[in-house]
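Novice: The structure's right below; bear with me while I get my questions together.
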Amino acid sequence: MFEIDKIRRDFPMLERTNEGKPLIYLDNGATTLKPDCVIAAVNNYYQNITSNIHRGDYHLAYLADQAYQQAREVVADFINCQSKEVVFTYGTTHGLNQIAYGYGIKNLKKDDEILITVAEHASNILPWYRLAQLTGAKVRFIPLDEKGKITVENVKLALNERVKIVSLTHGSNVLGYISDIKAIAAAVHEAGAILVVDGAQSVPHIKTDVKELDCDFLVFSGHKMGGPTAVGVMYGKYQLLEKMEPLLLGGGMNYRFDIAGQMLFKDAPDRFEAGTPGIEAVLGLKAAIQYLQNIGMDKIALYEKQLKDYAVSEMKKLDNIIIYNPEPDIGIISFNITDQGRVLFGQDVAAYLSKHGLCLRSGNHCAKNLWHHLGTDSTIRCSLYFYNTKKEIDKLIEVLKTATLESCIDVIF
Amino acid sequence: MFEIDKIRRDFPMLERTNEGKPLIYLDNGATTLKPDCVIAAVNNYYQNITSNIHRGDYHLAYLADQAYQQAREVVADFINCQSKEVVFTYGTTHGLNQIAYGYGIKNLKKDDEILITVAEHASNILPWYRLAQLTGAKVRFIPLDEKGKITVENVKLALNERVKIVSLTHGSNVLGYISDIKAIAAAVHEAGAILVVDGAQSVPHIKTDVKELDCDFLVFSGHKMGGPTAVGVMYGKYQLLEKMEPLLLGGGMNYRFDIAGQMLFKDAPDRFEAGTPGIEAVLGLKAAIQYLQNIGMDKIALYEKQLKDYAVSEMKKLDNIIIYNPEPDIGIISFNITDQGRVLFGQDVAAYLSKHGLCLRSGNHCAKNLWHHLGTDSTIRCSLYFYNTKKEIDKLIEVLKTATLESCIDVIF
Amino acid sequence: MNSLKDNPILKREIIMDHYENPRNNQLIDDENYRKIHLYSSSCLDDIQLQVLISQGVIADVRFEGIACAVATAAASIMSELIKGRSISQAEEIIENYFSMIAQKDYDEQLLKEAVVFEGIGRQVNRVNCATLSWKGLKQLLDEDEKR
Amino acid sequence: MNSLKDNPILKREIIMDHYENPRNNQLIDDENYRKIHLYSSSCLDDIQLQVLISQGVIADVRFEGIACAVATAAASIMSELIKGRSISQAEEIIENYFSMIAQKDYDEQLLKEAVVFEGIGRQVNRVNCATLSWKGLKQLLDEDEKR
Ligand SMILES: Cc1ncc(COP(=O)(O)O)c(C=O)c1O
Ligand SMILES: Cc1ncc(COP(=O)(O)O)c(C=O)c1O
Chain H
637 MFEIDKIRRD FPMLERTNEG KPLIYLDNGA TTLKPDCVIA AVNNYYQNIT SNIHRGDYHL
697 AYLADQAYQQ AREVVADFIN CQSKEVVFTY GTTHGLNQIA YGYGIKNLKK DDEILITVAE
757 HASNILPWYR LAQLTGAKVR FIPLDEKGKI TVENVKLALN ERVKIVSLTH GSNVLGYISD
817 IKAIAAAVHE AGAILVVDGA QSVPHIKTDV KELDCDFLVF SGHKMGGPTA VGVMYGKYQL
877 LEKMEPLLLG GGMNYRFDIA GQMLFKDAPD RFEAGTPGIE AVLGLKAAIQ YLQNIGMDKI
937 ALYEKQLKDY AVSEMKKLDN IIIYNPEPDI GIISFNITDQ GRVLFGQDVA AYLSKHGLCL
997 RSGNHCAKNL WHHLGTDSTI RCSLYFYNTK KEIDKLIEVL KTATLESCID VIF
Chain F
637 MFEIDKIRRD FPMLERTNEG KPLIYLDNGA TTLKPDCVIA AVNNYYQNIT SNIHRGDYHL
697 AYLADQAYQQ AREVVADFIN CQSKEVVFTY GTTHGLNQIA YGYGIKNLKK DDEILITVAE
757 HASNILPWYR LAQLTGAKVR FIPLDEKGKI TVENVKLALN ERVKIVSLTH GSNVLGYISD
817 IKAIAAAVHE AGAILVVDGA QSVPHIKTDV KELDCDFLVF SGHKMGGPTA VGVMYGKYQL
877 LEKMEPLLLG GGMNYRFDIA GQMLFKDAPD RFEAGTPGIE AVLGLKAAIQ YLQNIGMDKI
937 ALYEKQLKDY AVSEMKKLDN IIIYNPEPDI GIISFNITDQ GRVLFGQDVA AYLSKHGLCL
997 RSGNHCAKNL WHHLGTDSTI RCSLYFYNTK KEIDKLIEVL KTATLESCID VIF
Chain L
1466 MNSLKDNPIL KREIIMDHYE NPRNNQLIDD ENYRKIHLYS SSCLDDIQLQ VLISQGVIAD
1526 VRFEGIACAV ATAAASIMSE LIKGRSISQA EEIIENYFSM IAQKDYDEQL LKEAVVFEGI
1586 GRQVNRVNCA TLSWKGLKQL LDEDEKR
Chain U
1466 MNSLKDNPIL KREIIMDHYE NPRNNQLIDD ENYRKIHLYS SSCLDDIQLQ VLISQGVIAD
1526 VRFEGIACAV ATAAASIMSE LIKGRSISQA EEIIENYFSM IAQKDYDEQL LKEAVVFEGI
1586 GRQVNRVNCA TLSWKGLKQL LDEDEKR
């Protein structure tokens, strides 16, 4: 039994309004609402254990440090790795930049290849473009299949001996597909390359086991799973982390340095956590993970699947809709609304929905290369989380039915 | 009138204990306690306006975005610059890395010089070491005077036509000196170089006006001024920001990119804020700044000066103390305790102080090159903020009097 | 003009008309035109604006791009309103437009059809759409002055 | 041994003695020694440890470095305790030491003077100091086994 009513009471935002109407938050791909326990964990740092970490000269600092290190273990347990393989970052974007720079600079040379797809988020494209500029390596795109999916077959076809890095999203933030990372990892390793996985849209929604997936790196963001912003995780196999250069240098990540320019860095994970980290954000992420674990990732995934199936089937009944991914694996549905055959601009529709309390995002969702595939400049995205309900979907459907160019324009008066 | 009792009531941590004794927090150089209004600002994001920024498709997102942009204006007002010159970072360390990489990579070549001092924090040294490695430029040290101060004369002596960047701390985190940035900036500019200022220890304590100082960059951290961790500010003169490369690439900082590897970045400040930023951290920083402004930076500086003078004069009366900076400008006092002429190891003393509720840090305070100057491996640091009191200093003095090798060892039983 | 401001049906029709049949909606390949490429912070609206200034008069205004109904209609209305004006007249119109958006006093007579956006300040998240092209125009004129 | 555990004055004296006159406190330049450089997370304690293993016996233990009283005394006591032991004996001692630190059951007889740190688990922030050299020793022995 999924106790949805009980769960919803944990989220103070669900009692709020948007433009005077009860809030219906369907932009969970962008960021998620926070349960009370996460808020309490952040407050606990502010009200009970404020101090910097990495030093135990006094008791308070020890408490903060201990809480911070415990968070590492909670993450390790959550994704099934060793705690020294958990690097806290400021988010997925930071993690991907760290990998591209720190691994790529040392291991890539001219004419080596980096494989990505057009379905990637900007944060999983631009760092590779720059790495290519810096090293003379090339970024190549693995073709998607006709539905927009990343398939093992296409990955295999794209691999060759020059490929050193393959970086793919586990869950697409526009099309909601889950890639078969395990099979892809095997193929990538067979070709002698490493696999970086962007888990920003998967880790919050499905059980993730890095041992099972056998990916080399996995990155994700706290704020997309009920946690604070400014915290994310970069998992890396320890032997790869050991050989990786830090992107940020400074206090806390070095053992010593001298005036001659010599620097001795700490081992992973400390080496990658320069400066004061987001301490309360890390503690909030720990609480978020424990909250998800208490409900159970399997239950969350199942509930979200049912909700997604319901949403898709209801949306398909509309006659003024184009759905770009009628068979998503997770709760992300990209669509546009038409008026007498003409596609309405997503932003106009989103503004109309907002007037009815519905929060959905329009645009290209930072996956700007995907439009080659979809043949449209932008979509409206409905992205679900486990606190959403069928009733909220019903409201969305009801309002979408009334969306026309006229009604979208009328809301600006 | 400085209403210290009223102020102290704003900080929930001041009602806490350390090892069962009333908390006396004297490690403000590491991080600071948070007033209620900062905690409330963070909670407000969690409970009332959670959503991602940079998009206004629905009202909630607009509210979050607006609050985020207002924070930029509050910072701009605080340091007297334009709001587009305010880049939100994850902290001082991130800011310094961004400048070293983003400005340095484009503007330095082999045999150019970067000037720093041995009094810098690791975060203002290591990024320059790496820049030197990447470009073939050299890092040189401006000598400190006999007291450990950065002087205009020594800066002038060190400048030459090969110097492209001078990066100095405004307030030393070990010796508590404030450098004459205005005069130094004039000299640096005359020599054709730019001046980067590490304001981590100055901005929280003294009024900072970047127009007046005429520095080219200024960086600081929110958590050292009553704000959250994982947020900092990088101020840069706009014409320099315009020409600077971003360190982190990803969503939110680009206008567009294509499959051919072309990228069009946004203008500053957005260009430097890749990925989801620390939204609630930025909102908390805004609240912290407004809190400081309400009290008044001049009043804060004056109160802290009086407290520091009192602390120094009381500490000087002890006969078992070595003070390394008997004339600090701000409330940072570095010392060691002796027992029959032998210097006690700082960590043993700090642990002893902790037993009495006193939170002070020992060590090298990440300024590992400074030991060339001080002739000691480590010190204990007392660092004040405006919520500290004379009574707290009295307690420190009382406990320091009883610190011996014996008493320091006894606390471990 | 009062009738327009208070007539939502008429306002909607004007916006729809400009969205579906945007005026001056084709760029020209002519070096004499000042050009600006405008992106909204949404990463999506993407409008190119061209202005021909000749002897102190805005002889032509053109635009093209991908944008929502509000942004497209605003650009179209702006282009019609500004074309043929002297620079100082244009600046006055711009100033009044931004006053209207900010819900301050403004001269209705000057803004003509552009008053359809009079209420957009209450729909705060659409303000960017309704002002994107106007900001671009202002920037082009400001740059022109500096020359 | 009970008397030592319950005698804070004696314990203090032992620690002070080892701090002020650390045993085996000089490194040697000999390739046969296994070496490890230990840093505490405080960025400050900095101890180098050398171990000579010969025919299954720990023939020599040496250390040098900058460290607090607790870390120095712990290293000194450890060096005396381990020198001359077989590897398996040493491993047993190490295991008991960490049990003691974790406030679990342990064999007092085996640890001798090292029981002075018996209460350090209650002074949580000093645990690192009291275990730094022991962790280094364990690492050296573990590496030895892998060869
Ligand atoms: C002078 C100075 N610079 C830089 C830093 C680094 O700041 P953060 O850890 O917030 O990045 C500190 C903080 O310890 C500091 O005192
Ligand atoms: C697939 C994917 N990757 C990366 C990101 C970037 O995450 P963040 O903004 O937290 O760095 C996102 C978030 O939009 C995403 O959906």
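Residue numbers (the numbering used here), protein chains in the order written: chain H, 637 to 1049; chain F, 637 to 1049; chain L, 1466 to 1612; chain U, 1466 to 1612. Backbone N, C-alpha and C define an ideal beta-carbon position, used for all residues, glycine too.
1) So F:Q983 is in the beta strand (DSSP E); what residue range does that whole segment cover?
2) When DSSP builds the beta bridges, which residues end up paired with H:R997?
3) Within 10 angstroms of its Cβ, does F:P962 collect 16 or more other Cβ (buried), or is it exposed?
4) Can you determine whether any heavy atom of ligand 2 sits closer than 6 Å to the C-beta of F:S949, and answer yes or no?
5) Rounded to the nearest angstrom, what separates U:V1522 and U:L1605 at their Cα positions?
6) If contacts are defined as beta-carbon pairs under 8 Å, then F:A924 and F:G967 qualify, I think. What distance do you get, rounded to the angstrom?
7) Classify L:M1466 as helix, strand or coil using the three-state DSSP reduction.
8) Which partner residues does H:T725 have in the DSSP bridge list?
9) Just checking, does the stretch 1491-1508 of chain L make contact with the stretch 1036-1043 of chain F on the three C-beta pairs under 8 Å criterion?
10) Counting pairs of Cβ atoms below 8 Å between the stretch 791-801 of chain H and the stretch 1003-1019 of chain H, do you hit three or more?
11) Report the rounded CA-to-CA distance for L:K1577 versus L:G1530, giving the unit in angstroms.
12) Label L:S1553 either buried or exposed according to how many other C-beta atoms from any shown protein chain fall within 10 Å of its C-beta, with 16 as the threshold for buried.
13) Any heavy atom of ligand 1 within a distance shorter than 6 Å of the CB on F:Q837?
14) What does H:G932 pair with, by DSSP beta-bridge criteria?
15) Here's the rule: buried if 16 or more other CB atoms are within 10 angstroms of the residue's CB, otherwise exposed. What is F:N930?
16) Work out the CA separation of H:E826 and U:V1589 for me, nearest whole Å.
17) Starting from H:A1003, trace the beta strand (DSSP E) in both directions and tell me its first and last residue.
18) Check whether the Cβ of H:D834 lies closer than 6 Å to any heavy atom of ligand 2, and answer yes or no.
19) Report yes if the C-beta distance between F:I915 and F:I689 is below 7 Å; otherwise report no.
20) I want to verify the contact list: residues of chain F whose CB lies under 9 Å from the CB of L:N1593, in sequence order.
21) Using 7 Å as the threshold, is the C-beta distance between H:A866 and H:A819 below it?
22) At 7 Å on the CB atoms, spell out the chain L contacts of H:C995, in chain order.
23) Ends of the beta strand (DSSP E) at F:T771?
24) Around the Cβ of L:S1598, are there at least 16 other Cβ atoms within 10 angstroms (buried) or fewer (exposed)?
25) Shortest alpha-carbon distance to F:Y704 belongs to which of F:F981, F:P905 and F:I958?
26) If you measure between the beta carbons of H:C995 and F:Y694, is that distance less than 7 Å?
27) Apply the 10 Å Cβ neighbour rule to U:G1549 and answer buried if 16 or more other Cβ atoms are within range, or exposed otherwise.
28) So if I threshold CB-CB distances at 7 Å, which residues from the stretch 876-892 of chain H count as touching chain U?
29) Could I get the ranges of all uninterrupted alpha helix (DSSP H) runs contained in the stretch 826-871 of chain F, with 4 residues as the minimum, in chain order?
30) Could you check the C-alpha separation between H:H757 and H:N809 for me, to the nearest Å?
31) For ligand 2, I want to know if H:G740 counts as a neighbour, meaning its beta carbon is within less than 6 Å of at least one of the ligand's heavy atoms.
32) Given 6 Å as the limit, tell me if H:H730 has its C-beta closer than that to any heavy atom belonging to ligand 1.
33) Measuring straight from C-alpha to C-alpha, what distance separates U:S1541 and H:D903?
34) Have a look at L:Y1484 and F:L884 and give me their C-alpha separation to the nearest angstrom.
Specialist: In this structure, then:
1) Here residue 983 of chain F is taken as the residue at index 347 of the second sequence, counted from 1. Counting along the chain, F:Q983 falls outside any beta strand (DSSP E), though it belongs to the alpha helix (DSSP H) covering G982 to K991.
2) The residue labelled residue 997 of chain H in the question sits at position 361 within the first sequence. For H:R997, which the question treats as bridged, DSSP gives the partners H:R1017.
3) Within the second sequence, the letter at position 326 stands for residue 962 of chain F. It is exposed - the Cβ of F:P962 has fewer than 16 other Cβ atoms within 10 Å.
4) By 1-based counting over the second sequence, the position of residue 949 of chain F is 313. Distances from the CB of F:S949 to the heavy atoms of ligand 2 are all 6 Å or more.
5) Counted from its first residue, the fourth sequence places residue 1522 of chain U at position 57. Counted from its first residue, the fourth sequence places residue 1605 of chain U at position 140. Taken atom to atom, the span from the alpha-carbon of U:V1522 to that of U:L1605 is near 13 Å.
6) Looking up residue 924 of chain F in the second sequence gives position 288. Looking up residue 967 of chain F in the second sequence gives position 331. F:A924 to F:G967, Cβ: 18 Å. No contact.
7) What you label residue 1466 of chain L is simply residue 1 of the third sequence in a count that begins at 1. Bear in mind that the predicted position of L:M1466 carries a pLDDT of just 45, short of 50, making it unreliable; the figure below should be weighed with that in mind. If DSSP states are grouped into helix, strand and coil, L:M1466 belongs with coil.
8) In the first sequence, the residue the question calls residue 725 of chain H occupies position 89. According to DSSP, H:T725 bridges with H:G868.
9) The stretch 1491-1508 of chain L, when compared against the stretch 1036-1043 of chain F, does not touch it at the 8 Å Cβ threshold.
10) No: fewer than three Cβ pairs fall under 8 Å.
11) Locating residue 1577 of chain L in the third sequence gives position 112, counting from the first residue. Locating residue 1530 of chain L in the third sequence gives position 65, counting from the first residue. Between L:K1577 and L:G1530, the alpha-carbon positions lie close to 24 Å from each other.
12) If you number the third sequence from 1, residue 1553 of chain L lands on position 88. By the neighbour-count rule (16 or more Cβ atoms within 10 Å), L:S1553 is not buried but exposed.
13) As a first step, residue 837 of chain F must be located in the second sequence, where it is residue number 201. Checking every heavy atom of ligand 1 against the Cβ of F:Q837, one is found closer than 6 Å.
14) Position 296 of the first sequence, counted from the first residue, corresponds to residue 932 of chain H. H:G932 is not bridged by DSSP to any residue.
15) The residue you call residue 930 of chain F lines up with position 294 of the second sequence. When all chains shown are included, F:N930 counts as exposed.
16) The residue labelled residue 1589 of chain U in the question sits at position 124 within the fourth sequence. The residue labelled residue 826 of chain H in the question sits at position 190 within the first sequence. Near 47 Å, if we compare the C-alpha coordinates of H:E826 and U:V1589.
17) Along the first sequence, read from residue 1 onward, the residue named residue 1003 of chain H stands at position 367. No beta strand (DSSP E) contains H:A1003, which DSSP labels as neither H nor E.
18) Here residue 834 of chain H refers to the residue found at position 198 of the first sequence. True, at least one ligand heavy atom lies under 6 Å from that Cβ.
19) Numbered from its first residue, the second sequence carries residue 915 of chain F at position 279. Numbered from its first residue, the second sequence carries residue 689 of chain F at position 53. Yes, the pair counts as a contact, with Cβ atoms nearer than the cut-off.
20) As a working mapping, residue 1593 of chain L is identified with position 128 in the third sequence. Simply G692.
21) Counting from 1 along the first sequence, the entry for residue 866 of chain H is found at position 230. Counting from 1 along the first sequence, the entry for residue 819 of chain H is found at position 183. Here H:A866 is not near H:A819, since their CB atoms are 7 Å or more apart.
22) Residue numbering aside, residue 995 of chain H sits at position 359 when the first sequence is read from its first letter. Simply none; closest approach about 11 Å.
23) Along the second sequence, read from residue 1 onward, the residue named residue 771 of chain F stands at position 135. Following the DSSP letters along the chain, one finds F:T771 in no beta strand (DSSP E) but inside the alpha helix (DSSP H) bounded by residues L762 to T771.
24) The residue given as residue 1598 of chain L occupies position 133 in the third sequence. Result: buried.
25) Sequence index remark: in the second sequence, residue 704 of chain F carries index 68 (1-based). Comparing Cα-Cα distances from F:Y704 to each of F:F981, F:P905 and F:I958, the minimum goes to F:P905.
26) The sequence position of residue 995 of chain H within the first sequence is 359, counting from 1. The sequence position of residue 694 of chain F within the second sequence is 58, counting from 1. Yes. Within cutoff.
27) What you label residue 1549 of chain U is simply residue 84 of the fourth sequence in a count that begins at 1. Exposed.
28) Result list: Y891.
29) Listed in chain order, they are 846-849.
30) Against the first sequence, residue 757 of chain H aligns to sequence position 121. Against the first sequence, residue 809 of chain H aligns to sequence position 173. If you take the alpha carbons of H:H757 and H:N809, they lie about 7 Å apart.
31) The residue labelled residue 740 of chain H in the question sits at position 104 within the first sequence. Judged by the Cβ position, H:G740 fails to qualify as a neighbour of ligand 2 at the 6 Å threshold, every heavy atom of the ligand being at least this far.
32) Counting from 1 along the first sequence, the entry for residue 730 of chain H is found at position 94. Flag unset: Cβ of H:H730 not near ligand 1.
33) Numbered from 1 along the fourth sequence, position 76 holds the residue referred to as residue 1541 of chain U. Numbered from 1 along the first sequence, position 267 holds the residue referred to as residue 903 of chain H. So the alpha carbons of these two residues sit roughly 26 Å apart.
34) Your numbering for residue 1484 of chain L matches position 19 in the third sequence. Your numbering for residue 884 of chain F matches position 248 in the second sequence. L:Y1484 and F:L884: Cα-Cα distance of roughly 38 Å.
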